[in-house]
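J.: Below is the structure I would like to discuss, written out as structure tokens.
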Amino acid sequence: MDGEWLPSIEIGPSCNSPYELGFLIGQRFAPMIKSRVSTDKILQQQMLPFALSAGGNSLIEALSTTNRNKYPKYWDELRGTADGSGVPFLQCIHLPNISVGHSYNLIDLRKRRLLNVETASKNRISVLEIGSNPFFHANMYMHLQISQENDVNSICRQKRAAAIPKSSQKEILSLLGDTSDENYPIYMHGPTLCTLCTIVFDLDEKTLSIYNGNPKSENVALTFPFT
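If you count by our numbering, then the sequence shown holds residues 644 to 870, one letter each, in order.
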């Protein structure tokens with residue numbers, strides 16, 4: 644995937660419903676979606692077997708009913724994606740829900756403030772304001788006090804990021820493109836996991852830039868002004 648621009652899709656005015664939108668997305672990205680579900684070990688070895696069990700089936704039915712009633716348009720879009728891609732609907736509804744925890748970065752452009760927000764189930768949340776010191780986040784909680792599995796991939800990337808200079812934009816781009824650890828690189832280039840793209844918010848220039856391929860090459864594909 645390195646060096647290739649992200650595949651895209653254009654949706655015209657003739658798309659009249661969430662289902663149609665989902666169907667077009669599923670049709671366009673069918674190979675990627677099929678590859679994703681077939682290679683995801685958590686999905687194939689844990690989530691799907693549980694969903695097909697007696698206890699899991701009743702839970703999935705209850706969650707499906709709740710989400711279908713609360714988010715009908717999103718539900719219809721998922722149905723369209725499943726039909727368009729040819730991937731069973733059960734697998735499609737699991738993909739957005741594999742992770743119940745998230746890390747969000749919130750930026751106040753005027754006040755030049757950056758917040759990292761970690762969330763978990765049961766309304767657990769932690770907010771950390773990022774100051775002048777660079778902050779790197781992999782796929783483990785950094786400041787939310789919660790029990791979690793030790794993910795070797797994240798631990799290795801976190802340690803590598805701590806060891807790399809990051810006092811300039813060039814150094815940070817080099818960090819985000821680091822592949823020195825063949826097993827657990829910061830910049831992932833397949834075959835199982837891939838870094839889709841790298842985005843830089845420049846508060847001085849007031850721009851958002853999307854980098855194509857490894858950000859170390861500094862190949863900017865698109866730049867947008869904040870205003």
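No residue lacks a Cβ here, since even glycine has one placed at the ideal position from N, Cα and C.
Please read these numbers as outputs of a predicted model, since none were measured by experiment.
Exposed or buried, what is R756 when buried is set at 16 or more other beta-carbons lying within 10 Å of its beta-carbon?
T.: Position 113 of the sequence shown holds residue 756. The residue in question, R756, is exposed, as its Cβ has fewer than 16 Cβ neighbours within 10 Å.
J.: Please tell me whether K716 has its Cβ less than 8 Å away from any Cβ of chain D.
T.: The structure shown contains no chain D, having only a single protein chain.
J.: By how many angstroms is the C-alpha of I773 removed from the C-alpha of C658?
T.: Counting from 1 along the sequence shown, the entry for residue 658 is found at position 15. Counting from 1 along the sequence shown, the entry for residue 773 is found at position 130. C-alpha separation (whole angstroms): 41 Å.
J.: Nearest-angstrom Cα distance between S678 and K754?
T.: Stepping through the sequence shown from its first residue, residue 678 is reached at position 35. Stepping through the sequence shown from its first residue, residue 754 is reached at position 111. Rounded to the nearest angstrom, the two C-alpha atoms are 42 Å apart.
J.: According to DSSP, is E761 helix, strand or coil?
T.: In the sequence shown, counting from the first residue as 1, residue 761 sits at position 118. DSSP places E761 in strand when its eight states are reduced to three.
J.: Would you mind working out which of N700, G744, S852 and V680 sits nearest G729, comparing C-alpha positions?
T.: Sequence index remark: in the sequence shown, residue 729 carries index 86 (1-based). Comparing Cα-Cα distances from G729 to each of N700, G744, S852 and V680, the minimum goes to V680.
J.: What are the partner residues of N793, as DSSP defines its beta bridges?
T.: Numbered from its first residue, the sequence shown carries residue 793 at position 150. According to DSSP, N793 bridges with nothing at all.
J.: Could you name the residues that DSSP lists as bridge partners for P868?
T.: Counting from 1 along the sequence shown, the entry for residue 868 is found at position 225. Per DSSP, T850.
J.: Using C-beta distances below 7 Å, list every residue in its chain close to M644, excluding the 5 sequence neighbours before and after it, in chain order.
T.: Taking the sequence shown and counting its residues from 1, the one referred to as residue 644 is at position 1. Residue confidence is low: M644 scores 47 on pLDDT, short of 50, so the model does not pin down where it sits. No coordinate-derived value is stated.
J.: Go ahead and label E720 buried or exposed: buried means 16 or more other beta carbons lie within 10 angstroms of its beta carbon, across all protein chains shown.
T.: As a working mapping, residue 720 is identified with position 77 in the sequence shown. With 16 or more Cβ atoms within 10 Å of its Cβ, E720 is classed as buried.
J.: If you count every other CB in all the chains shown that lies within 10 Å of the CB of F666, and 16 or more means buried, which is it?
T.: Looking up residue 666 in the sequence shown gives position 23. Classification for F666: buried.
J.: Reducing DSSP to helix, strand and coil, say where H780 ends up.
T.: Position 137 of the sequence shown, counting from 1, holds the residue named residue 780. Looking at H780 - three-state DSSP - the assignment turns out to be coil, as it is neither helix nor strand.
J.: With the cut-off set at 8 Å, would you say A763 and L787 are in Cβ contact?
T.: To locate residue 763, count along the sequence shown from 1; it is residue 120. To locate residue 787, count along the sequence shown from 1; it is residue 144. For A763 and L787, yes; Cβs fall inside 8 Å.
J.: To the nearest angstrom, how far is it from the Cα of P808 to the Cα of N776?
T.: Stepping through the sequence shown from its first residue, residue 808 is reached at position 165. Stepping through the sequence shown from its first residue, residue 776 is reached at position 133. Their Cα atoms are separated by approximately 12 Å.
J.: Taking only three categories from DSSP, how would you classify E861?
T.: Translated into positions along the sequence shown, residue 861 becomes position 218. Three-state result, E861: coil.
J.: Is it buried or exposed for S823, if we count other Cβ within 10 angstroms and need 16 for buried?
T.: As a first step, residue 823 is located in the sequence shown; it is residue number 180 there, counting from the start. Under this definition S823 is an exposed residue.
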